[in-house]
Structures are given as structure tokens and as C-alpha cells.
Amino acid sequence: MNLKIKGNIKNRNDLEKIVQSKNVLHSYLFIGREGIGKKEIAKEFAKKILCIDSKKDECNCKSCTCFISNNHPDMQIINEESETIKIAQIREFIKSVYEKPILSEKKIFIINDADKMTKEAQNSLLKTLEEPPEYIVIILIASNADMLLTTIKSRCTKIAFEKLTTNEIKEILAEKNIPVDNIPEKMYNLFDGSIERAIKILENKEIYEKIEKLVNSLTEKTDKIDFLTKNKEIFIKEEIYGILEYLSVNLFYLGKTQKSTRYLNCVKHVQETINHLKSNSNFDMSIDYMLFEIWEEVNEDNSRS
């Protein structure tokens, strides 16, 4: 088991046992939220299947050497850049399926973000999943199984992956030389067990720090218009759902700390705004209305506590 990969230890151990027992099946579906290491674990699994010597983490056989240098003739990743997968790509992939392995006993195809396949692409893939050549192993990686046809799912061995723990995310961030000491513990709730999401949020950490200041300012007496004017610029359209989720987290923590339902009621206003935006409501009007509602909930005399 590659110790450099974090999380999902049970799945990784189970996959290693499959390799050692030589009971590798033709098709697998790795399912779980994005950014938890499914693709890295799939590659680790593929490397061991293809190994022609020890099938251990540290191996210098020709297969492992080619794999490490991303130059293995019997290994291919479809859609590594995480885009929509169209039928032309799957047809091209199917042609490769029927070319026998060159170096190893097996030939492996990893279809990354398989849930981004069009229905036409999925239907094109079906026959290969139903009648694969004996040397083929296909690994589908997906975050949303609902986007896959039932017939696709039924032909794969499903392996469900867990979110990363807070400690695992901290370890990965530390390995990437990203300081963890100044990350608020409540921000880890926003990461939602995804290192990909964590890194994206930390790239915009200044925005999230402004959200904390916004919430802290609610405990002070502020003018409604000033409150709107100072805080509206925080809500960047491209990051809006992450920002609103973090606003909810901070309001919830403040409500618990202050033992006040006012801040907990504000969480409802934020959730209503998320729903409105997902229904294509006007962005600026939705944010303005939410900020006014939050201010009034906390400052108006008729607010409940």
C-alpha cells in the first residue's frame, strides 16, 4: 500500500488483496465525492495489476518503471482533464481495447469523471463492458453515480470511497507546504472531506476571512446601508456557493456561541439565497436582499433572541 496516498485505507487494502489473489475483474466503478484521491488510488491499483515482478509498492520491473514515467503501453487514462466525454472519445477507446497488451498480462483503461459521459457515449461503452476481452480491466471514476446509466452501473463492481478526515487533509496540505496552523477549524467543515476543494478554497482565503469579519461585525451596531455597501463586494459570482456555505457555517457557530436564534435564523436566509440562485434568480438582487434580511434579523427591535 502506497503510504503517500491518504485516506480510504480499507479500500486500498481490499484492492491490494484482489491483486495478490489474482482475482482482478474486468470492470470497476470507483464512486465518491470529488477530490478525495479516487484517481490516485485507481492508478496505484493499475500499477500493481500491470506489475510483472513483485506487485509491491517498491518494484523496479520494466512495467513499474514505464508506469512511473507515464509511458506504459498497456495503461491509458481517458479524460484526465475532467471534461465532457463524447461518443467519439469512447469509440476511439474501444478500438484500443481490442489491441492486445504489449508489456503486461493485462491492459487497463481508467475513465476519469465517467459521470461526464454523454448518454450516447455511455451506450457506446455498454457492449465492451458486457463482453470485454479477457485481458481488459476498465476502471470508471465518478462523483455522481446518478449520472450513469443503470446498465453501466450494473456491469461494474462498485467500490464506495469515503471523504478524507480533517487530519488526512491537514497531512496532505502540510506535504504541499501549505501552512495549516492559521486555518480556522470551522473551515474544515467547508472542505467537506475533499483536498481538491480545500486547495481551491485556500487559494481564495482572503475572501473567506472577509466573511468571518462580516459575521463578527453583526455583534456591533451597524447602519443597514453601510453593512450592505461594505460587504456586497465579498460575494464573487464564480465562488458564490462556497462563500455562502462558509457564511452559513460562521453564522451557525456564532448562534451557538451567543445562544441566540437570531444568527441561526440568518442561516435560513442564506439557504434561501442559495436556492434562489440555483433557480436562476437575479444575482445582485438576491445578494442585496440576503444582506438586508441578515442585518434586520440581528438589529431590528422585533428580532427574536
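According to my numbering, the residues represented by the sequence shown are 1 to 305, in order.
Every residue gets a Cβ at the ideal spot worked out from N, C-alpha and C, and that includes glycine.
task = Compare the beta carbon distance of K43 and I77 with 9 Å and say whether it is the shorter of the two.
result = yes
task = Mind checking which residues open and close the beta strand (DSSP E) that includes A313?
result = Because the chain in this structure spans residues 1 to 305, residue 313 falls outside the shown range and cannot be described.
ask   = Where does T157 fall in DSSP's three states?
value = strand
query = Going by other Cβ atoms of all chains shown within 10 Å of its Cβ, with 16 needed for buried, is Y246 buried or exposed?
reply = buried
query = By a C-beta neighbour count over all protein chains shown, 10 Å radius and 16 as the cutoff for buried, is D115 buried or exposed?
reply = buried
Assigned secondary structure, F235 (DSSP; H/G/I helix, E/B strand, else coil) = coil
query = Nearest to L173 by alpha carbon, out of E196, I152, F161?
reply = E196
task = Give the C-beta separation of L50 and I108 to the nearest angstrom, bearing in mind that I take them to be a contact with Cβ-Cβ under 8 Å.
result = 6 Å
Beta-carbon proximity list for E120, same chain, < 8 Å, skipping 5 on both sides = K86, I87
query = Taking the continuous alpha helix (DSSP H) assigned at S63, which residues delimit it?
reply = 62-68
ask   = Do you know offhand how far A145's Cα is from D223's?
value = 47 Å
ask   = Counting along the chain, where does the alpha helix (DSSP H) carrying I119 start and finish?
value = Here the sequence assigns Lys to residue 119, which means Ile is not the residue at that position. Here the alpha helix (DSSP H) through K119 covers 119-130.
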